[in-house]
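Worksheet: one structure, shown below.
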Amino acid sequence: MMANAAQTTASTMDPALLAKLTGGLGDSKRIAKIGTEIGQIYSNFLPDIFHSETGIAIEVDYIGCQSGLMTDLIQQLGKEFAVADCSLRNWCPNFMLGTGTAFIMALMERMLGAAPETIMEPEVRALSQIELDLAALVIGRVGDVLRSAVNAPGGFEATVEPPFNGNGKSAFEEAMAAQFGLMIRLKVDIGKVSSEFALVIPQRALLKTNIVAPKPSAQALKKQEEWVEMISEQVKRSQVTLEARIRLQSLTLKTIARLVEGDVIPFRDAKQDDICVEVSANGANMYNCEFGRAGDRYTVRVKNNVSTDDEILRHLMG
Numbered sequence: 005m006m007a008n009a010a011q012t013t014a015s016t017m018d019p020a021l022l023a024k025l026t027g028g029l030g031d032s033k034r035i036a037k038i039g040t041e042i043g044q045i046y047s048n049f050l051p052d053i054f055h056s057e058t059g060i061a062i063e064v065d066y067i068g069c070q071s072g073l074m075t076d077l078i079q080q081l082g083k084e085f086a087v088a089d090c091s092l093r094n095w096c097p098n099f100m101l102g103t104g105t106a107f108i109m110a111l112m113e114r115m116l117g118a119a120p121e122t123i124m125e126p127e128v129r130a131l132s133q134i135e136l137d138l139a140a141l142v143i144g145r146v147g148d149v150l151r152s153a154v155n156a157p158g159g160f161e162a163t164v165e166p167p168f169n170g171n172g173k174s175a176f177e178e179a180m181a182a183q184f185g186l187m188i189r190l191k192v193d194i195g196k197v198s199s200e201f202a203l204v205i206p207q208r209a210l211l212k213t214n215i216v217a218p219k220p221s222a223q224a225l226k227k228q229e230e231w232v233e234m235i236s237e238q239v240k241r242s243q244v245t246l247e248a249r250i251r252l253q254s255l256t257l258k259t260i261a262r263l264v265e266g267d268v269i270p271f272r273d274a275k276q277d278d279i280c281v282e283v284s285a286n287g288a289n290m291y292n293c294e295f296g297r298a299g300d301r302y303t304v305r306v307k308n309n310v311s312t313d314d315e316i317l318r319h320l321m322g
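Per my numbering, residue 5 is the first one in the sequence shown, and the count goes up by one each step.
Here you go:
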């Protein structure tokens, strides 16, 4: 009888008040202090770590923090962010880290050799798959700093799931539905491009945590070549959809309008031994090929490159 009464009281109680009573929501002063402490750690440590691994200079500044329901905070990030579901054993099973898409696009240009002064503020758009692969590495570094700052027992690494564009769906959505969180926003500059990093963390985990400044270590300061190699491996594993175009014989509009099932349209160069095929990806012409057949499958054989390797990479990564 008493248990039923307690459950009824809990179900009718204001969610914010219930969260405060059960350690899931802190007062504004304490939450602001936690946000500032974490923000300062990122400002002090992330630029050095990033430069030591990539050779690229960035500036990181704490913007501020905001309290609210986890789902509401994540929604605010919108299409200008790529976000990832994250967890850290012995600390928090579900939090989210995000990077502004503008930062990833500018970083990709830098990694491909563009001079800092030539990189301009990009248009807001969703990241391509290859850019999301790069975002995974960046968010991984953001997660490394957080792991060091919260000093979770056991020394486990943060787990970062594959990032997705801001209009995607988190696997943690149901688990985070009633949780209050803290969104910590960081301004990040790379050359002339300004963007943001964002952390959305349940307050229940933060309120039980002593924030400490991480100690530099040889393991944390990896060589630039290793980071570039990781990016290269991510790019090699990325899937790219190819398209093959074969030119058909010219027909009048009258003939085209009367085509029915079973009619045959010949190739334009049907008298030649090899039929020319243009292969492209993401709208960029890549190869000239010849049409053929292997067993029961139709195939194309590469004859020559239309674009250079650098041109192909630049286009596909964009």
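For every residue, glycine included, the Cβ atom is placed at its ideal position computed from N, Cα and C.
>> Rounded to the nearest angstrom, what separates residue 291 and residue 303 at their Cα positions?
In response: Counting from one through the sequence shown, the residue named residue 291 turns up at place 287. Counting from one through the sequence shown, the residue named residue 303 turns up at place 299. Approximately 14 Å, taken between the alpha carbons.
> Mapping DSSP to helix, strand and coil, what is residue 310?
Replying inline: Start at 1 with the first residue of the sequence shown, and residue 310 comes out as number 306. Looking at residue 310 - three-state DSSP - the assignment turns out to be coil, as it is neither helix nor strand.
>> Starting from residue 107, trace the alpha helix (DSSP H) in both directions and tell me its first and last residue.
In response: Against the sequence shown, residue 107 aligns to sequence position 103. First-last of the alpha helix (DSSP H) with residue 107: 105-115.
>> Excluding the 5 residues flanking residue 156 on each side, which residues of the same chain have their C-beta closer than 6 Å to its C-beta?
In response: Here residue 156 is taken as the residue at index 152 of the sequence shown, counted from 1. So the qualifying residues of the chain are 92, 94, 95.
>> Could you check whether the stretch 161-181 touches the stretch 60-80, counting it as contact only if at least three pairs of C-beta atoms, one from each stretch, sit closer than 8 Å?
In response: yes
> Where does residue 187 fall in DSSP's three states?
Replying inline: Counting from one through the sequence shown, the residue named residue 187 turns up at place 183. Residue 187 falls in the strand class under three-state DSSP.
>> Just to check my reading of the structure: residue 114 and residue 123 have Cβ atoms closer than 8 Å, yes? What is that Cβ distance to the nearest angstrom?
In response: What you label residue 114 is simply residue 110 of the sequence shown in a count that begins at 1. What you label residue 123 is simply residue 119 of the sequence shown in a count that begins at 1. So it is a contact: roughly 7 Å between Cβ atoms.
> How would you call residue 216, buried or exposed, if buried means at least 16 neighbouring beta carbons within 10 angstroms?
Replying inline: Your numbering for residue 216 matches position 212 in the sequence shown. Counting Cβ neighbours within 10 Å, residue 216 comes out exposed, since fewer than 16 surround it.
>> With DSSP as the reference, identify every bridge partner of residue 298, one or two as the case may be.
In response: In the sequence shown, counting from the first residue as 1, residue 298 sits at position 294. Bridge partners of residue 298: 301.
> What's the gap between the Cα of residue 161 and the Cα of residue 188?
Replying inline: Along the sequence shown, one-based indexing puts residue 161 at 157. Along the sequence shown, one-based indexing puts residue 188 at 184. The alpha-carbon atoms of residue 161 and residue 188 are separated by roughly 20 Å.
> Taking the runs of the alpha helix (DSSP H) that are 4 residues or longer, which of them lie wholly in the stretch 50-92?
Replying inline: 74-81
> How many angstroms separate the CA atom of residue 213 from the CA atom of residue 308?
Replying inline: Taking the sequence shown and counting its residues from 1, one reaches residue 213 at position 209. Taking the sequence shown and counting its residues from 1, one reaches residue 308 at position 304. Residue 213 and residue 308: Cα-Cα distance of roughly 59 Å.
> Per DSSP, what kind of secondary structure is residue 18 in: helix, strand or coil?
Replying inline: Within the sequence shown, residue 18 is the residue found at index 14, counting from 1. Three-state result, residue 18: coil.
>> Using a 10 Å radius around the Cβ and a threshold of 16 neighbouring Cβ atoms, would you call residue 17 buried or exposed?
In response: For this step, residue 17 is matched to residue 13 along the sequence shown. Residue 17 should be labelled exposed.
> From residue 20 to residue 121, what does the alpha carbon distance come to, in whole angstroms?
Replying inline: Within the sequence shown, numbered from 1, the residue matching residue 20 stands at position 16. Within the sequence shown, numbered from 1, the residue matching residue 121 stands at position 117. About 48 Å.
>> So if DSSP puts residue 193 in a beta bridge, which residue, or which two residues, is it bridged to?
In response: Walking along the sequence shown from the start, residue 193 turns up at place 189. Looking at the DSSP assignment, residue 193 forms a beta bridge with 63, 198.
>> Please return the same chain residues whose Cβ sits closer than 7 Å to the Cβ of residue 323, not counting the five positions on each side in sequence.
In response: Because residue 323 is not part of the residues shown, which for the chain are 5 to 322, the question remains open.
> Taking C-alpha atoms, which residue in 59, 62, 44, 203 lies nearest to residue 89?
Replying inline: Sequence index remark: in the sequence shown, residue 89 carries index 85 (1-based). For the residues 59, 62, 44, 203, the minimum Cα distance to residue 89 belongs to 203.
> How far does the alpha helix (DSSP H) with residue 142 in it reach, from first residue to last?
Replying inline: Start at 1 with the first residue of the sequence shown, and residue 142 comes out as number 138. Looking at the DSSP string, the run of the alpha helix (DSSP H) that includes residue 142 is 133-154.
> Does the beta-carbon of residue 298 have 16 or more other beta-carbons within 10 angstroms, so that it is buried, or is it exposed?
Replying inline: As a working mapping, residue 298 is identified with position 294 in the sequence shown. Flag for residue 298 reads exposed.
>> Quick check on the burial criterion: 16 or more other C-beta atoms within 10 angstroms. Buried or exposed for residue 259?
In response: By one-based count along the sequence shown, residue 259 stands at place 255. Exposed, since its Cβ has fewer than 16 Cβ neighbours within 10 Å.
> Got a sec: is the Cβ-Cβ distance from residue 262 to anything in chain D below 8 Å?
Replying inline: Any reference to chain D falls outside this structure, which holds one protein chain only.
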